[in-house]
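All remarks here apply to the structure that follows.
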Amino acid sequence: MGPGPSNPYPEVIEAFTRPVMGHLDGEFLGLLDETCDRLRAVFRTGNALTFPVSGTGSAGMEAAFVNVISDGDTVVVGVNGVFGERMCDVAGRCGANVVRVDAEWGTPLDPQRILDAHPDPAVIAVVHAETSTGVRNDLAELGSAKGDALLLADCVTSLGGIDVRVDDWGVDIAYSGTQKCLGVPPGLAPISVSARAVERLHCRPSSWYFDMGMIANYVSGAGARAYHHTAPISMIYALHAGLGVVLDEGLEAAHARHRVCGETLQAGLEARGFTLLAPAGARLPQLTSVRVPEWRLPTNTSEADIRRTLLDCYGIEIGGGLGALAGKCWRIGCMGHTARTRNVTLVLAALDEVLASD
Ligand code: PLP
4 MGPGPSNPYP
14 EVIEAFTRPV
24 MGHLDGEFLG
34 LLDETCDRLR
44 AVFRTGNALT
54 FPVSGTGSAG
64 MEAAFVNVIS
74 DGDTVVVGVN
84 GVFGERMCDV
94 AGRCGANVVR
104 VDAEWGTPLD
114 PQRILDAHPD
124 PAVIAVVHAE
134 TSTGVRNDLA
144 ELGSAKGDAL
154 LLADCVTSLG
164 GIDVRVDDWG
174 VDIAYSGTQK
184 CLGVPPGLAP
194 ISVSARAVER
204 LHCRPSSWYF
214 DMGMIANYVS
224 GAGARAYHHT
234 APISMIYALH
244 AGLGVVLDEG
254 LEAAHARHRV
264 CGETLQAGLE
274 ARGFTLLAPA
284 GARLPQLTSV
294 RVPEWRLPTN
304 TSEADIRRTL
314 LDCYGIEIGG
324 GLGALAGKCW
334 RIGCMGHTAR
344 TRNVTLVLAA
354 LDEVLASD
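Per the numbering used here, the sequence shown starts with residue 4, numbered consecutively.
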């Protein structure tokens with residue numbers, strides 16, 4: 004959501020104009036090291052193996068699973084939205100015996116049900132911030148009671164927008180994406196891997212491209228860097244710049260900015276009689292799911308028409324519902340550079356103008 008096209012921070016745009024260095028150039032490797040340090044700061048981790056996977060958030064998901072799952076391993080996956088479903092698909096393709104723990108879309112997962120689902124899973128996997136529903140799932144309880152399992156968390160929509168504490172919460176593999184609360188275009192998947200997960204990485208995973216052992220030789224900073232694949236230089240400049248903006252602002256301040264926007268937007272929607280999908284306490288500030296206010300759709304106007312008008316006339320893009328929620332919900336993102344109260348004011352005012360009065 005935001006006025007006009009969703010431009011990232013000016014510092015990020017400028018990063019794309021930097022001359023492209025060679026991917027083994029010492030200056031570039033220094034910048035890559037600094038990027039990994041900045042990622043450790045936002046993930047709140049000391050994990051040595053923390054780096055940007057070349058690819059979008061889904062590449063992070065794939066890299067996370069393919070490096071630790073062997074044929075027949077049990078993976079317990081919490082599913083309460085599209086991205087939990089995607090985790091099941093990816094884990095299944097890696098040969099896992101997938102044990103699903105479903106919760107109704109729009110409600111948070113119950114950590115105890117996940118912990119009780121299997122006595123000895125290799126991996127427990129959960130989406131921290133379900134972008135398809137606007138629900139936050141708890142990680143800390145899973146981390147403290149996971150036993151021998153690895154805890155794998157999708158932090159694509161949470162990183163930079165709400166607290167993510169990889170070390171404190173005992174998350175073993177966390178991956179994210181650049182285009183959400185980090186305010187950088189899509190193209191990289193920051194990932195962080197704990198020491199105990201590093202011990203369980205396959206020496207020869209079925210994916211060559213996402214072989215973390217091989218990639219570690221390139222990104223690890225120590226000793227000679229071995230070529231693995233050509234790093235997407237300009238994207239790494241951009242991530243470096245975007246993380247710089249977040250850390251200059253301060254992680255707490257960035258979270259507070261997202262929180263204020265989310266709370267203001269959600270209060271504004273409720274004041275208009277709209278129904279939020281997620282229950283209080285599990286709502287993401289950066290992604291608000293609201294049921295389409297059918298009674299306020301003008302005659303012969305669909306919810307998709309309203310979204311189209313918002314985009315064409317106000318430069319505001321809001322998402323439609325996904326899966327079973329298609330046509331029933333709107334998803335309003337307030338992430339990264341777009342998380343500004345002026346954007347909240349604008350979207351509420353625009354809704355008032357395009358919807359029929361009560
Ligand atoms: N996980 C979550 C929670 C997401 O919201 C998304 C994308 O929106 C993904 C994974 C996949 O990321 P990408 O579309 O960047 O591949």
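Every residue, glycine too, gets a C-beta built ideally from N, C-alpha and C.
What does the alpha-carbon distance come out to for the pair alanine 256 and threonine 302? As a position in the sequence shown, residue 256 is number 253, starting the count at 1. As a position in the sequence shown, residue 302 is number 299, starting the count at 1. Cα to Cα, alanine 256 sits roughly 43 angstroms from threonine 302.
Inside the region 167 to 216 only - alpha helix (DSSP H) runs reaching at least 4 residues: 169 to 172 and 198 to 202
Chain-order list of residues whose beta-carbon lies under 6 angstroms from that of alanine 106 (same chain, five-residue window excluded): Counting from one through the sequence shown, the residue named residue 106 turns up at place 103. Hits under 6 angstroms: Asn83 and Leu112.
Buried/exposed call for serine 135, threshold 16 Cβ in 10 Å: Start at 1 with the first residue of the sequence shown, and residue 135 comes out as number 132. So serine 135 ends up on the buried side.
Within the same chain, show all residues whose beta-carbon is closer than 7 angstroms to that of threonine 233, passing over the 5 residues directly before and after it, in chain order. Here residue 233 refers to the residue found at position 230 of the sequence shown. These residues qualify, in order along the chain: His26.
Got a sec? Which residues, its chain only, sit under 6 angstroms from leucine 246 by beta carbon, not counting five neighbours each side? As a first step, residue 246 is located in the sequence shown; it is residue number 243 there, counting from the start. Contacts found: Arg41.
Would you identify the three-state DSSP class for leucine 313, choosing helix, strand or coil? Along the sequence shown, one-based indexing puts residue 313 at 310. Residue state, collapsed to three classes: helix.
Could you please give the first and the last residue of the uninterrupted alpha helix (DSSP H) stretch that includes isoleucine 236? The sequence position of residue 236 within the sequence shown is 233, counting from 1. Unbroken alpha helix (DSSP H) run through isoleucine 236: 236 to 252.
Please determine whether the Cβ atom of phenylalanine 376 lies at a distance below 7 angstroms from any heavy atom of ligand 1. Residue 376 cannot be examined here, being either before or after the span of the chain that is shown, 4 to 361.
Measuring only from the beta carbon, is valine 138 closer than 7 angstroms to any heavy atom that is part of ligand 1? Translated into positions along the sequence shown, residue 138 becomes position 135. Outside the cutoff, so no.
Segments assigned alpha helix (DSSP H), at least 4 residues, entirely inside the region 17 to 64: 29 to 46
How about leucine 191 and isoleucine 176: are their beta carbons less than 8 angstroms apart? On the sequence shown, position 188 is the one that residue 191 refers to. On the sequence shown, position 173 is the one that residue 176 refers to. Their beta carbons are not under 8 angstroms apart, which means leucine 191 does not touch isoleucine 176 by this criterion.
Would you call the CB atoms of glycine 137 and leucine 290 closer than 8 angstroms? For this step, residue 137 is matched to residue 134 along the sequence shown. For this step, residue 290 is matched to residue 287 along the sequence shown. Against a cut-off of 8 angstroms, the Cβ pair of leucine 290 and glycine 137 comes out as a contact.
When the Cα atoms are used, what is the spatial distance from leucine 300 to glutamine 269? Mapped onto the sequence shown, residue 300 falls at position 297. Mapped onto the sequence shown, residue 269 falls at position 266. So the two alpha carbons sit approximately 19 angstroms from each other.
Is the region 273 to 293 touching the region 52 to 63 in the sense that three or more CB pairs, one from each, lie closer than 8 angstroms? no
Helix, strand or coil, according to DSSP, for cysteine 337 in the structure here? Walking along the sequence shown from the start, residue 337 turns up at place 334. If DSSP states are grouped into helix, strand and coil, cysteine 337 belongs with coil.
Please return the same chain residues whose Cβ sits closer than 6 angstroms to the Cβ of tryptophan 172, not counting the five positions on each side in sequence. Position 169 of the sequence shown, counted from the first residue, corresponds to residue 172. Contacts found: Leu142, Ala143 and Gly146.
Per-residue DSSP class, three states only, for alanine 106: Position 103 of the sequence shown, counting from 1, holds the residue named residue 106. Here alanine 106 sits in coil by DSSP.
For serine 179, the nearest candidate out of Glu65, Leu325, Ile319 and Ile117 (CA to CA): The residue labelled residue 179 in the question sits at position 176 within the sequence shown. Ranking Glu65, Leu325, Ile319 and Ile117 by Cα distance to serine 179 puts Glu65 first.
Residues near glycine 323 in its chain [Cβ-Cβ closer than 8 angstroms; skip 5 each side]: Taking the sequence shown and counting its residues from 1, one reaches residue 323 at position 320. Taken in chain order, the residues that qualify are Glu306, Ala307, Arg310, Ala329, Gly330, Cys332, Trp333 and Arg334.
Is the closest heavy atom of ligand 3 to the C-beta of proline 189 under 7 angstroms? With respect to small molecules bound, the structure shown includes ligand 1 and not ligand 3.
Can you tell me whether cysteine 337 is buried or exposed? The criterion is at least 16 other CB atoms within 10 Å of its CB, across all chains shown. For the purposes of this step, residue 337 is taken as residue 334 along the sequence shown, with counting starting at 1. Burial call: buried.
Can you have a look at leucine 314 and say buried or exposed, based on whether 16 or more other CB atoms are within 10 angstroms of its CB? Numbered from its first residue, the sequence shown carries residue 314 at position 311. Looking at its Cβ environment, which holds fewer than 16 other Cβ atoms inside 10 Å, leucine 314 is exposed.
With DSSP collapsed to three states, give me the class of aspartate 151. Here residue 151 refers to the residue found at position 148 when the sequence shown is read from its first residue. Here aspartate 151 sits in coil by DSSP.
What three-state label does DSSP hand aspartate 113 in the structure shown? To locate residue 113, count along the sequence shown from 1; it is residue 110. Coil, per DSSP.
Which partner residues of aspartate 157 appear in the DSSP bridge assignment? In the sequence shown, counting from the first residue as 1, residue 157 sits at position 154. In the DSSP output, where bridge partners are listed per residue, aspartate 157 has Val130 and Tyr178.
Is the beta carbon of serine 61 within less than 7 angstroms of some heavy atom of ligand 1? Within the sequence shown, residue 61 is the residue found at index 58, counting from 1. Within the cutoff, so yes.
So arginine 299 is in the beta strand (DSSP E); what residue range does that whole segment cover? As a working mapping, residue 299 is identified with position 296 in the sequence shown. Arginine 299 -> no beta strand (DSSP E), and no H or E assigned at all.
Alpha carbon of valine 78 to alpha carbon of alanine 51, nearest angstrom: Counting from 1 along the sequence shown, the entry for residue 78 is found at position 75. Counting from 1 along the sequence shown, the entry for residue 51 is found at position 48. Their backbone Cα atoms lie some 25 angstroms apart in a straight line.
Given proline 208 as reference, the closest of Asp355, Phe46, Val69 and Tyr12 once Cα atoms are compared: Stepping through the sequence shown from its first residue, residue 208 is reached at position 205. Taking only the C-alpha atoms, the option nearest proline 208 is Val69.
Valine 91 - DSSP class collapsed to helix/strand/coil: Within the sequence shown, residue 91 is the residue found at index 88, counting from 1. Before going further, note that residue 91 is cysteine rather than valine in the sequence given. Residue state, collapsed to three classes: helix.
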